[in-house]
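Under this note's numbering, the very last position in the sequence shown is 253; numbers go up by exactly one each time.
Okay, so here's the structure we're looking at.
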Amino acid sequence: FEQPLATPVAPFGLGGEDGGSLGLALEKVCQVSAAKYHSCALTASGQLYTWGFGRGGRLGHEAFHVHSGMQAVLEPRLVRSLEKVRVVSVSAAKHHTVCLSNSGDVWSWGNIKEGRLGYSGVDTQPSPRKVGSIMAKVVCITAANKHTAVVTAGGDLLTWGSNSKGQLGYGSTEAGYNGTPRIVEAMKSGSVQMASASKNHTVVLLRSGEVWTFGHKVITPAKVAFGGRHGVEFHNDHSAIFRPEIVEVAA
């Protein structure tokens, strides 16, 4: 959806280190995403704004007083390091943030523990960094507390981060986490349309309209049944197959 902001966006820092603003310019917001400690807003022009409590780097602002948690960002602030990148999607999680560019590249930042950012490094990543190990163009992103999932243009599902509850879909929890994007082999190649991640599980929508889930100790992806026990409803002594058309999933 697109919704003009009621008041001008006034991100800090655009006018200098003491905190300038955009003046009277109105920004049309096309997507929002929020997590426990922060919020994100994406404009129609592809600019990303974040605000909230930035400890651990989840806001993507390089200023030490922000990513150290010394000072919260109370108004939307432009993520400067992505200023020349046209962002088309953003997903906020408890300790990290993920965004997608119009070229299909994935960027992540925040707390790097348990591999949730998709690359190795120190404890925190205060500014957006491209997840360089993903070779395919990505069309869908989703982030949860400790894991991340993306869908490629070719219909493959890749996940990384914590796997303590089987939320990565690998069919095993022997490895407590995976720090590098990996294809979920249980999802047939080319079949995935979108995914949505939650704290301990992941929901996947296939191009066929089927919905699959895994996580919360159910480590092997399983198909979700709709329309009752057998998927059949009876009306006036006639049976009718109930097949709802699923167009979106959320977790």
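Glycine included, each C-beta is placed from N, C-alpha and C at the ideal position.
Please read all numbers here as calculations on a predicted model, not as lab measurements.
Quick one: what's got a C-beta closer than 6 Å to S198's C-beta in the same chain, skipping five residues either side? Along the sequence shown, one-based indexing puts residue 198 at 196. Taking S198 as the centre and dropping the five residues before and after it, the same chain places the C-beta of T144, V205, V251, A252 and A253 closer than 6 Å to its C-beta, in chain order.
What are the partner residues of R131, as DSSP defines its beta bridges? In the sequence shown, the residue the question calls residue 131 occupies position 129. DSSP lists S110 as partners of R131.
Quick one: is V89 buried, meaning 16 or more other Cβ sit within 10 Å of its Cβ, or exposed? As a working mapping, residue 89 is identified with position 87 in the sequence shown. Result: buried.
Buried or exposed: M196, going by 16 or more other Cβ atoms within 10 Å of its Cβ? On the sequence shown, residue 196 is found 194 positions in, with the first residue counted as 1. Buried: at least 16 other Cβ atoms inside 10 Å.
Minimum length 3: unbroken beta strand (DSSP E) runs contained in the region 149–203: 149–154, 159–164, 179–185 and 194–199
Is DSSP giving E77 helix, strand or coil here? The residue you call residue 77 lines up with position 75 of the sequence shown. It is a strand residue.
With a 10 Å radius around its C-beta and 16 neighbouring C-beta atoms as the bar for buried, classify G163 as buried or exposed. Here residue 163 refers to the residue found at position 161 of the sequence shown. By the neighbour-count rule (16 or more Cβ atoms within 10 Å), G163 is buried.
L207, DSSP secondary structure in three states: Within the sequence shown, residue 207 is the residue found at index 205, counting from 1. Strand at L207.
Determine the burial state of V11: buried for a count of at least 16 other Cβ atoms within 10 Å of its Cβ, exposed for fewer. Taking the first residue of the sequence shown as 1, we reach residue 11 at position 9. The predicted model places V11 with a pLDDT of 47, which falls under 50 and marks its position as unreliable, so this point remains unresolved.
Closer than 8 Å by C-beta to T182: which residues in its own chain qualify, once you throw out the five before and the five after it? Chain order, please. Indexing the sequence shown from 1 puts residue 182 at position 180. Excluding positions up to five away in sequence, the list reads G117, G120, Y121, S135 and W162.
Residue range of the alpha helix (DSSP H) that includes H69: Taking the sequence shown and counting its residues from 1, the one referred to as residue 69 is at position 67. Looking at the DSSP string, the run of the alpha helix (DSSP H) that includes H69 is F66 to H69.
Answer yes or no: the CB of S198 versus the heavy atoms of the ligand NAD, is any distance below 8 Å? Although the ligand NAD was asked about, the structure shown includes no ligands whatsoever.
Between K86 and Y172, what straight-line distance do the alpha-carbon atoms span, to the nearest angstrom? For the purposes of this step, residue 86 is identified with residue 84 of the sequence shown, where counting begins at 1. For the purposes of this step, residue 172 is identified with residue 170 of the sequence shown, where counting begins at 1. K86 and Y172: Cα-Cα distance of roughly 36 Å.
Considering only the beta carbon of each residue, do G261 and I114 sit closer than 9 Å? Lying outside 3 to 253, the shown extent of the chain, residue 261 is not represented and no answer is given.
With a 10 Å radius around its C-beta and 16 neighbouring C-beta atoms as the bar for buried, classify K148 as buried or exposed. For this step, residue 148 is matched to residue 146 along the sequence shown. It counts as buried.
What residues in its chain sit with their C-beta under 8 Å from that of F66, if we drop five residues either side in the sequence? Position 64 of the sequence shown, counted from the start, is the residue given in the question as residue 66. Taken in chain order, the residues that qualify are M72.
Confirm, please, whether the CB-CB distance from N104 to G178 is below 9 Å. The residue given as residue 178 occupies position 176 in the sequence shown. The residue given as residue 104 occupies position 102 in the sequence shown. For G178 and N104, no; Cβs fall outside 9 Å.
Count the other C-beta atoms from every protein chain shown that fall within 10 angstroms of the C-beta of G156, then say buried if there are 16 or more, exposed otherwise. What you label residue 156 is simply residue 154 of the sequence shown in a count that begins at 1. Looking at its Cβ environment, which holds fewer than 16 other Cβ atoms inside 10 Å, G156 is exposed.
Nearest to Q127 by alpha carbon, out of G59, M189 and A94? As a working mapping, residue 127 is identified with position 125 in the sequence shown. If we check each option's Cα against that of Q127, G59 comes out closest.
Taking the Cβ atom as the reference point for each residue, do A94 and S35 lie within a distance shorter than 9 Å? Within the sequence shown, residue 94 is the residue found at index 92, counting from 1. Within the sequence shown, residue 35 is the residue found at index 33, counting from 1. A contact, by the Cβ cut-off of 9 Å.
Within 9 Å, strictly: CB atoms of H2 and L61: In the structure displayed, the chain extends from 3 to 253; residue 2 sits before or after that span and is not available.
Is it right to say M189 is buried, meaning 16 or more other beta carbons lie within 10 angstroms of its own, or is it exposed? Mapped onto the sequence shown, residue 189 falls at position 187. Flag for M189 reads buried.
For the candidate residues G106, S174 and T175, whose alpha-carbon lies nearest to that of C142? Against the sequence shown, residue 142 aligns to sequence position 140. That would be G106, whose Cα lies nearest to the Cα of C142.
Classify G25 as helix, strand or coil using the three-state DSSP reduction. Counting from 1 along the sequence shown, the entry for residue 25 is found at position 23. Low local confidence applies: a pLDDT of 32 at G25 is under 50, so the model's placement there is unreliable, and no value is given.
In chain order, what residues of the same chain lie with their CB nearer than 8 Å to the CB of V213, ignoring the 5 residues before and after it? Within the sequence shown, numbered from 1, the residue matching residue 213 stands at position 211. Closer than 8 Å at Cβ, skipping near neighbours: V205, V206, L207, K225, V226, F228, I248 and V251.
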